[in-house]
Amino acid sequence: MEQIGKRGADERLDGSQRPSGFDFVLFLALLPLLAFGLFTINSFSGENVFFHRQLIWIALSLSVLVGGSFVDFRFLRKTGILVVLYLGTLGLLLLLFLSGSVFQGAQSWFNFGAFAFQPSDPAKLVLILILAKYFSKRHIEIAHVQHIFVSGLYTLLIFIPVFLQPDFGSAIIIFAIWFGMVLVSGISKKHLFFVFFGILVSFSLAWSFLFQSYQKQRILTIIHQLTDIRGSGYNAYQSTIAVGSGELFGKGVGYGSQSKLKFLPEYDTVFVFAAFAEEWGFLGVIILFLLFGVIFWRIIDASVHGASNFETFFCAGLAVLFITHFTVHIGMNIGLLPVTGTTIPFLSYGGSHLLTEFIGLGILMGMRRYSREVHRGSVNQETLLG
Numbered sequence: 000m001e002q003i004g005k006r007g008a009d010e011r012l013d014g015s016q017r018p019s020g021f022d023f024v025l026f027l028a029l030l031p032l033l034a035f036g037l038f039t040i041n042s043f044s045g046e047n048v049f050f051h052r053q054l055i056w057i058a059l060s061l062s063v064l065v066g067g068s069f070v071d072f073r074f075l076r077k078t079g080i081l082v083v084l085y086l087g088t089l090g091l092l093l094l095l096f097l098s099g100s101v102f103q104g105a106q107s108w109f110n111f112g113a114f115a116f117q118p119s120d121p122a123k124l125v126l127i128l129i130l131a132k133y134f135s136k137r138h139i140e141i142a143h144v145q146h147i148f149v150s151g152l153y154t155l156l157i158f159i160p161v162f163l164q165p166d167f168g169s170a171i172i173i174f175a176i177w178f179g180m181v182l183v184s185g186i187s188k189k190h191l192f193f194v195f196f197g198i199l200v201s202f203s204l205a206w207s208f209l210f211q212s213y214q215k216q217r218i219l220t221i222i223h224q225l226t227d228i229r230g231s232g233y234n235a236y237q238s239t240i241a242v243g244s245g246e247l248f249g250k251g252v253g254y255g256s257q258s259k260l261k262f263l264p265e266y267d268t269v270f271v272f273a274a275f276a277e278e279w280g281f282l283g284v285i286i287l288f289l290l291f292g293v294i295f296w297r298i299i300d301a302s303v304h305g306a307s308n309f310e311t312f313f314c315a316g317l318a319v320l321f322i323t324h325f326t327v328h329i330g331m332n333i334g335l336l337p338v339t340g341t342t343i344p345f346l347s348y349g350g351s352h353l354l355t356e357f358i359g360l361g362i363l364m365g366m367r368r369y370s371r372e373v374h375r376g377s378v379n380q381e382t383l384l385g
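The numbering of the sequence shown is numbering that gives the first Met the number 0, which starts it at 0 and goes up by one.
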C-alpha cells in the first residue's frame, strides 16, 4: 500500500469524485456472512440458546451500523475525547484483574449473568483511533525514529494487561494493529528494521543462554501444536480433520460429524471456520473468502479516499484489524498457526467482538458522509496535544 503518512490532506481533496454515505456493497457482503455464522451455530442442536442470543447481537449490531452512517464523526479528532476513551479502556483492562471472570484460564471477561463483556475487543478499536490521531499530524516528520517508540508505548500500555490475562489472541491482534499502521504511516523502514533486529537478537540470546530445555519445548509445542495431537494439539488436529472432510461440496448443514459428535470443540467460536468448511466444503469456503475479500476491498478503498489523514489512518487500522482476525483464525483452524482463541469477524458467536466490529464499520460509514466537505488546512488542526 502507498505510504499514507507522507501524503498531505490536500492530496485527498477529490471527494467530489467519490460516493458518499452508506456503503451498500459492503453491507450486502456482510449479510450472507452473518447468515453463515447463524447456520453454523444452529446446526448441531435443537434448542440452541446461543443462536437466539446471536440473533439479538446481530440486530443490535446492524442498528449500530445504520445509525453510525448518520453520525458526523469528526468529533473523534478531538484530543480530549480520545484521551477519555484511551484512559477508560486502560481502566477497564486493569479492573479485570480485580473483578473479571475466568474462562478457560483467561481472566478476560466481566460477567453480568445474561451476558458477558470482553474489554479487549473495544480496546482494539480505541487503539486504532489513538494511533490514527497520532500519525495524522505527523506525516511530515514521520520518518523520525521516535515515532516508532511513542506509538509503540501507546500500544504497549494496552498490550501488557491483555497479554497478562492471558489473552494471547487479542495480544497478537493489538500488536498487528500497531505494526500495520506503522507500515502505512511512512515511518522509515530502516529504523523499523533495526528495532525488530534488536528484538530478534535479544530473543536469540535468551533462547541460547536463558531458556531451559522444557521451556523451549513448550514454545515449540505452542508454535506447532500438531506435534502433540493427544495433548495440546488435539483441538488443532480435530479442526484440520473437519476442514479436510468437507471436501468439495461439504456434508450439508447440520451433518458435520466432527462438530455434531463433539470431536471439534467450540465450533461456534474459535473453530467456527472448521465447522463451516466441513458442512459447506471447498466451494462454500471460496464463497466465504470472496465475501471477506469484498469487505476488505471496501474498507481499504475508504482508507485510500479518506477525507483527511485521520480518516485514512482509521480505515487502514480497521482493515488491519479485520484482515488479521481473518488470517489468524483461518491459520489456526487449518493447523498452520497456534490455537489462540481468535474469533473470525461476523461468523463467530459473541456480542463483544460483533458490536466492536459493527461500531468500527459504523464509524467508517459515517466518515464517508463528510468526505466531500473537508476543507484545506483542517488536518493542520489535528494534534495529539491540542
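Just so you know, even glycine gets a beta-carbon here, dropped at the ideal spot from N, CA and C.
Keep in mind the model is a prediction, meaning the values are calculated, not measured.
Look up Gln106 in the DSSP assignment and give the residues it is bridged to.
Paired residues: Val101.
Which whole-angstrom value describes the C-beta separation of Asn332 and Val242, a residue pair presumed to lie in contact below a C-beta threshold of 8 Å?
Yes, Asn332 and Val242 are in contact; Cβ-Cβ is about 6 Å, under 8 Å.
Which class does Ala274 belong to by DSSP, given the choice of helix, strand or coil?
The answer is helix: DSSP assigns Ala274 an H, G or I state.
Looking at Gly305: is its Cβ nearer than 9 Å to the Cβ of Val65?
No.
CA-CA distance, Phe321 and Ala170?
Each residue's alpha carbon lies about 14 Å from the other.
Since Val24 is in the alpha helix (DSSP H), which residue starts that stretch and which ends it?
It spans 23 to 40 - the alpha helix (DSSP H) in which Val24 sits, taken as one unbroken run.
Between which two residues does the alpha helix (DSSP H) holding Leu336 run?
It is not in any alpha helix (DSSP H) - Leu336 carries neither H nor E in the DSSP assignment.
Just to confirm my understanding: we take Ala441, look at its own chain, exclude 5 residues before and 5 after, and list those with CB closer than 7 Å. What are they?
With the chain running from 0 to 385 in the structure shown, residue 441 is simply not present.
Give the single residue among Val82, Val48, Leu30, Tyr85 whose Cα lies nearest to the Cα of Leu61.
Minimum Cα distance to Leu61 is reached at Leu30.
Quick check: the Cα distance between Phe387 and Gln164, rounded to an integer number of angstroms?
Residue 387 is absent from the structure shown; the chain starts at 0 and stops at 385.
Quick check: what's the CA-CA separation for Trp108 versus Ile299?
If you take the alpha carbons of Trp108 and Ile299, they lie about 31 Å apart.
Could you confirm whether any beta carbon from chain E is found closer than 9 Å to the beta carbon of Val269?
The chain labelled as chain E is not found in the depicted structure, where only one protein chain is given.
How about Ile57 and Leu37: are their beta carbons less than 9 Å apart?
Against a cut-off of 9 Å, the Cβ pair of Leu37 and Ile57 comes out as a contact.
Under the three-state reduction of DSSP, which class applies to Ile115: helix, strand or coil?
A quick correction: the sequence has Ala, not Ile, at residue 115. Note: Ala115 maps to strand in three-state DSSP.
Within 8 Å, do at least three Cβ pairs link the segment 118 to 138 to the segment 190 to 208?
These segments do not touch.
DSSP three-state label for Thr386, please.
Any question about residue 386 goes unanswered here, given that the chain covers just 0 to 385.
Just checking my contact of Phe174 with Phe158 at CB under 8 Å: how many whole Å lie between their CB atoms?
Right, their Cβ atoms sit about 6 Å apart.
How would you write the range of the alpha helix (DSSP H) that Val161 sits in, first residue to last?
145 to 163 is the extent of the alpha helix (DSSP H) around Val161.
Once the 5 residues before and after Ala318 are set aside, which same chain residues still bring their CB inside 7 Å of it?
The residues are Phe295, Ile298, Ile299, Ser302.
Suppose contacts are defined by Cβ-Cβ distances below 9 Å. Is Leu346 in contact with Val271 by that definition?
Yes.
Pro121 and Thr355 look like a contact to me (Cβ under 8 Å); what is the Cβ gap, rounded to whole Å?
Pro121 to Thr355, Cβ: 5 Å. Contact.
Do you know whose CA, among Thr341, Phe26, Ile127, Thr39, lies nearest Val252's CA?
Among Thr341, Phe26, Ile127, Thr39, the Cα nearest to that of Val252 belongs to Thr39.
One question on the structure: do Phe291 and Gly283 come within less than 9 Å of each other, judged by their Cβ atoms?
No, the Cβ-Cβ distance between Phe291 and Gly283 is not below 9 Å.
If you check the beta carbons only, do Tyr266 and Arg52 fall under 9 Å apart?
Contact: no.
Might you give, ordered along the chain, the residues of its own chain that have their beta carbon closer than 6 Å to the beta carbon of Leu353, omitting 5 neighbours on each side?
Result list for Leu353: Trp56, Ser60, in chain order.
Is it buried or exposed, Asn110, if we count other Cβ atoms within 10 angstroms and call 16 or more buried?
Counting Cβ neighbours within 10 Å, Asn110 comes out exposed, since fewer than 16 surround it.
Judging by CA-CA distance, which residue of Glu246, Val293, Ser307 is the nearest neighbour of Glu278?
Cα-wise, what sits closest to Glu278 is Glu246.
According to DSSP, simplified to helix, strand and coil, what is Ser212?
Helix at Ser212.
Quick check: the Cα distance between Gln145 and Phe248, rounded to an integer number of angstroms?
Roughly 53 Å separates the two Cα atoms.
Have a look at Phe198 and Ala205 and give me their C-alpha separation to the nearest angstrom.
Correcting the residue type first, residue 198 is Ile in the shown sequence and not Phe. Spanning the two alpha carbons is a distance of roughly 11 Å.
Relative to the C-alpha of Phe35, which residue among Phe357, Pro344, Arg368 is closest?
Cα-wise, what sits closest to Phe35 is Pro344.
Taking the C-alpha atoms as reference points, what is the distance between Gly104 and Asn41?
Whole-angstrom Cα-Cα distance: 26 Å.
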